[in-house]
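Q: Dropping a structure here in structure tokens format, bear with me for questions.
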Ligand code: 0A1
Ligand code: ZN
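Numbering (my numbering), first residue to last: -7 to 870.
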């Protein structure tokens, strides 16, 4: 148990910063045994703050070597080094403070602040990493102009980078050199970045809409020089898109991207110098899958879009994180949608939300999009802040319409450029530009929990009216017992007996659109549609117009009907999912039910042979709901029963549709050059799904096809698709041969080795606990590398649910043991790994005790990090 209770930070306690920093001059001396940081800050009192306060700067893990005020050394009793920083009592209204600190980047395993990764120096300062570099007011509402001089050995570190433009460079004594960077835009210190290394440079250019030529540069380890094209192309597409859709032009002369192997998250939007996790930026067709190609395009776009939504306009405090993240995720999802298939993108976003964010929203860490309190802010880079935050912006877009939304975003950027603001400022700009009252809508930012909309209906054949009643309720979440109704934009269509959209005409209206968005604002509302010729099937929440759960008593026949007739692609997919969920759940409830509803088999047979329908949509519709989603839907999940039921459904579908699967495989087998277009991606997805299903039932022809594909694959999607299928089969010999040959071929490529780890760790057949434990001692495993930890431990606990939730509790003990050891080296990663245990109350008795015991074991560690403490403590408290 921790000896002291970590402090909770509350939004209600926010106060403006007592001091502002106008300019920072930094000088980094980088050595093998450490780094010296000279920091000179021009500081003034904030006229808006209470007067007479002492100067308090944040700092962690720093060795203070020097301190001067206006150039003169400070006497020992003029300042105090406190547990989390430095206090100077007697300061005037305007002064220059000089600080010299000594830090140890080579020993930094937390990967916050300045650290070393594969021999290069790099930084990660969001959210509170800058305090590990030097003393500074480490809060986003203090925005300063940075000038940064980096000095290092020239042979080891020929490339020296920081934010902005390089203004001076030269050689120094002892084989050292320096480069000075100046960033003209004031920024919070979380956007500061520095990189030093022996890096290959890939160059490109982009001409902005106003005709300025921007230097695009990508820096990677020399062995990765051939893996930059896709990221650079994605960057140029993002830059053009942001000009066209939001009118936002890039502002500096240089834009740089750096790839590093050791990184806690996906990437970071540091001003002019984005730093990426290698796995989220490097790609060639023969080393990265379609999924990776798409993810890279989206993350490059996301970080680039932050230049406006995040950097030019930033957050006042960390409670406002969704201001930049929700809006930027919304922007990157619009971008991906425009680059590919909008329906498929919507399905992917909704799947993530319904599977993982809804789970977060009903667990012990549930929090509003704008949280009210936190212990450790790193724990709040969540699906709620990011994905639900994006949904909230998307609903504003739906309510305002394209044109007014654009007016709102223009007003927001114009009004707040160069400022640190709140989510409320964002909503206010949208209101002011559109004239729409969003008072009630703001509850989406304030209330946690996923709203449930219960729908009932009645058709009156005599009056030709169709009455729809919507009721909303929001479950209680920690700290929020009761909730107020939210403003839910509820998109709807009524499907007639021939699959046509029926006109939706409310009382007194002349217009009768085929689809409309109802404003659900009260707890209960009834809508009566007139002139409805026959009993319709409702198509509810089209396009997933709000992040809510819809309950309606669809019959299986109605779902089948929507699956093949709904004009809304998303709801076609959704109907298929609901049908499959219903069938699987009925197998869980009645284990004696031996055969799958033949209607599901027929529906899948149709899908497999339907070549008219958008193949990207078909590929999605063929995916059965995941175990994780089925668990989320259960009140008291019995993981083994869910796993068995889903497997039985999959088995039977595969057995009955065997010939159609082979035909689908052969039809989609292609051998042209690799292209990451939506059509080609859909073909590969269909082919690999068919293959996976065939191997699932240990089909001999499937086995032969998989071996052939594995040996002849021209790209990683097909190569790993075949490997995954073999690994998940009972053909043990093929599995072992393929795994060995894959490793042999790609052992020098960490990104591919990570996939190799994940394929094994997430497989029920290959990823038994002893097999996963063996991966942890493999030569390629590295406890200091978050990607390796995620690809083995994360994949096992997050995707191999039947093995992780073994009823003897072995999976839980395994996870707890590794969380405890990671807690000291990398608390952020350790805290993220706790997540599969947090919702223990939602599992049935056979699992609950083991999960709770694992949490208690972690909780008992003395000096547990704040990060892990917060998640574990809240999970146990509930
Ligand atoms: N702002 C980045 C993500 C990020 C957040 C926190 C980090 O360290 C705790 C690192 C990166 C983004 O949204 O891409
Ligand atoms: Zn972001």
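Heads up, the beta-carbon is just placed ideally off N, CA and C, and yes, glycines get one too.
1. Is residue 259 near ligand 1, in the sense that its beta carbon is under 6 Å from a heavy atom of that ligand?
2. What separation, rounded to the nearest whole angstrom, lies between the Cα atoms of residue 419 and residue 287?
3. Output yes or no for whether 7 Å exceeds the beta carbon distance between residue 115 and residue 106.
4. Find out if the Cβ-Cβ distance for the pair residue 586, residue 516 is shorter than 7 Å.
5. I want to know whether the segment 381 to 398 touches the segment 455 to 470 - three or more CB-CB distances under 8 Å.
6. Note down, in chain order, each residue of its chain lying with its Cβ closer than 8 Å to the Cβ of residue 689, except the 5 sequence neighbours on either side.
7. Are there three or more Cβ pairs, one per stretch, closer than 8 Å when the segment 58 to 78 is compared with the segment 37 to 45?
8. Once DSSP output is grouped into helix, strand and coil, what is the label at residue 535?
9. At a threshold of 6 Å, does residue 317 count as lining ligand 2 (C-beta to nearest heavy atom)?
10. Suppose you measure from the CA of residue 452 to the CA of residue 524; what does that come to, to the nearest Å?
11. With DSSP run on the structure shown, which of helix, strand or coil describes residue 516?
12. Just curious, the beta strand (DSSP E) that residue 729 is in, first and last residue?
13. Nearest-angstrom Cα distance between residue 579 and residue 777?
14. Cβ of residue 370 within 6 Å of any heavy atom in ligand 1?
15. Can you name the residues that DSSP bridges to residue 508?
16. Run the CB neighbour count on residue 780, radius 10 Å, all protein chains shown included, and call it buried at 16 or more, exposed below.
17. Could you pull out every residue in the same chain whose Cβ sits closer than 6 Å to the Cβ of residue 710, ignoring the five residues on either side in sequence?
18. Round the Cβ separation of residue 163 and residue 708 to the nearest angstrom and send it over; I've been treating them as touching at under 8 Å.
19. Between the Cα of residue 22 and those of 128, 148, 47, 104, spot the shortest distance and give me the residue it belongs to.
20. Going by other Cβ atoms of all chains shown within 10 Å of its Cβ, with 16 needed for buried, is residue 186 buried or exposed?
21. Please name the residue or residues paired with residue 65 in a DSSP beta bridge.
22. Name the one or two DSSP bridge partners that residue 622 has.
23. Would DSSP call residue 335 helix, strand or coil?
24. When DSSP labels each residue in this structure, what does residue 467 get in the three-state scheme?
25. In whole angstroms, give me the CA-to-CA distance for residue 321 and residue 328.
26. With distances taken from CA atoms, which of 216, 790, 197 is nearest residue 209?
27. Would you check if the segment 120 to 128 and the segment 22 to 33 touch, i.e. whether three or more CB-CB distances between them fall below 8 Å?
28. Under a Cβ-count criterion, where at least 16 other Cβ atoms within 10 Å of its own Cβ denotes burial, should residue 769 be classed as buried or exposed?
29. Going by C-alpha distance, which of 281, 803, 170, 539 is nearest residue 942?
30. Nearest CA to the CA of residue 84: which residue from 46, 4, 167?
31. Let me know the secondary structure DSSP gives residue 554 once reduced to three states.
32. Would residue 230 be called buried (16 or more neighbouring beta carbons within 10 Å of its own) or exposed?
33. Classify residue 604 as buried or exposed, calling it buried when 16 or more other Cβ atoms lie within 10 Å of its own Cβ.
34. Express the C-alpha separation of residue 178 and residue 306 in angstroms, rounding to a whole number.
35. Determine the extent of the alpha helix (DSSP H) in which residue 295 is found, giving its start and end residues.
36. Would you please state the rounded distance, in angstroms, between the beta carbons of residue 744 and residue 772? I believe it to be under 8 Å.
A: Checking against the coordinates, here is how it stands:
1. Taking the first residue of the chain shown as position 1, residue 259 is located at position 267. It does: the Cβ of residue 259 is within 6 Å (strictly closer) of some heavy atom of ligand 1.
2. Locating residue 419 in the chain shown gives position 427, counting from the first residue. Locating residue 287 in the chain shown gives position 295, counting from the first residue. Each residue's alpha carbon lies about 29 Å from the other.
3. In the chain shown, the residue the question calls residue 115 occupies position 123. In the chain shown, the residue the question calls residue 106 occupies position 114. Yes, Cβ-Cβ distance for residue 115 and residue 106 is below 7 Å.
4. Position 594 of the chain shown, counted from the start, is the residue given in the question as residue 586. Position 524 of the chain shown, counted from the start, is the residue given in the question as residue 516. No, the Cβ-Cβ distance between residue 586 and residue 516 is not below 7 Å.
5. no
6. For the purposes of this step, residue 689 is taken as residue 697 along the chain shown, with counting starting at 1. The residues are 643, 646, 647, 650.
7. no
8. Numbered from its first residue, the chain shown carries residue 535 at position 543. DSSP places residue 535 in helix when its eight states are reduced to three.
9. Numbered from its first residue, the chain shown carries residue 317 at position 325. Checking the Cβ of residue 317 against ligand 2 gives yes.
10. Looking up residue 452 in the chain shown gives position 460. Looking up residue 524 in the chain shown gives position 532. Answer to the nearest angstrom: the Cα atoms are 9 Å apart.
11. As a working note, residue 516 is residue 524 in the chain shown. Residue 516: strand per DSSP, three-state reduction.
12. Residue mapping note: residue 729 aligns to position 737 of the chain shown, counting from 1. Not the beta strand (DSSP E): residue 729 falls in the alpha helix (DSSP H), residues 724 to 738.
13. For this step, residue 579 is matched to residue 587 along the chain shown. For this step, residue 777 is matched to residue 785 along the chain shown. About 41 Å.
14. The residue you call residue 370 lines up with position 378 of the chain shown. Yes, ligand 1 has a heavy atom inside 6 Å of this Cβ.
15. On the chain shown, residue 508 is found 516 positions in, with the first residue counted as 1. Looking at the DSSP assignment, residue 508 forms a beta bridge with 484.
16. For the purposes of this step, residue 780 is taken as residue 788 along the chain shown, with counting starting at 1. By the neighbour-count rule (16 or more Cβ atoms within 10 Å), residue 780 is buried.
17. Numbered from 1 along the chain shown, position 718 holds the residue referred to as residue 710. Once the five neighbours on either side are set aside, the close Cβ partners of residue 710 are 701.
18. Reading the chain shown from its first residue, position 171 is the one you call residue 163. Reading the chain shown from its first residue, position 716 is the one you call residue 708. About 43 Å separates the two Cβ atoms, so there is no contact after all.
19. Within the chain shown, numbered from 1, the residue matching residue 22 stands at position 30. Minimum Cα distance to residue 22 is reached at 148.
20. Position 194 of the chain shown, counting from 1, holds the residue named residue 186. Buried, since its Cβ has 16 or more Cβ neighbours within 10 Å.
21. Numbered from 1 along the chain shown, position 73 holds the residue referred to as residue 65. Answer is 60, bridged to residue 65.
22. Here the question's residue 622 lines up with position 630 in the chain shown. Per DSSP, none; premise fails for residue 622.
23. One-based indexing of the chain shown puts residue 335 at position 343. Note: residue 335 maps to helix in three-state DSSP.
24. Position 475 of the chain shown, counting from 1, holds the residue named residue 467. In this structure, residue 467 counts as coil in the three-state DSSP scheme.
25. Residue 321 sits at position 329 when you count from the first residue of the chain shown. Residue 328 sits at position 336 when you count from the first residue of the chain shown. Cα-Cα distance, rounded: 10 Å.
26. Position 217 of the chain shown holds residue 209. Of 216, 790, 197, the residue nearest in Cα terms is 197.
27. yes
28. Indexing the chain shown from 1 puts residue 769 at position 777. That one is exposed.
29. Outside the shown range of the chain (-7 to 870) lies residue 942, about which nothing can therefore be said.
30. In the chain shown, counting from the first residue as 1, residue 84 sits at position 92. It is 46.
31. The sequence position of residue 554 within the chain shown is 562, counting from 1. Three-state result, residue 554: helix.
32. Translated into positions along the chain shown, residue 230 becomes position 238. So residue 230 counts as buried.
33. In the chain shown, the residue the question calls residue 604 occupies position 612. Exposed, because fewer than 16 other Cβ atoms sit within 10 Å of the Cβ of residue 604.
34. Residue numbering aside, residue 306 sits at position 314 when the chain shown is read from its first letter. Residue numbering aside, residue 178 sits at position 186 when the chain shown is read from its first letter. The alpha-carbon atoms of residue 306 and residue 178 are separated by roughly 11 Å.
35. For the purposes of this step, residue 295 is taken as the residue at position 303 of the chain shown. Residue 295 -> alpha helix (DSSP H) spans 282 to 297.
36. Mapped onto the chain shown, residue 744 falls at position 752. Mapped onto the chain shown, residue 772 falls at position 780. Wrong, their Cβ atoms sit about 10 Å apart, outside the cutoff.
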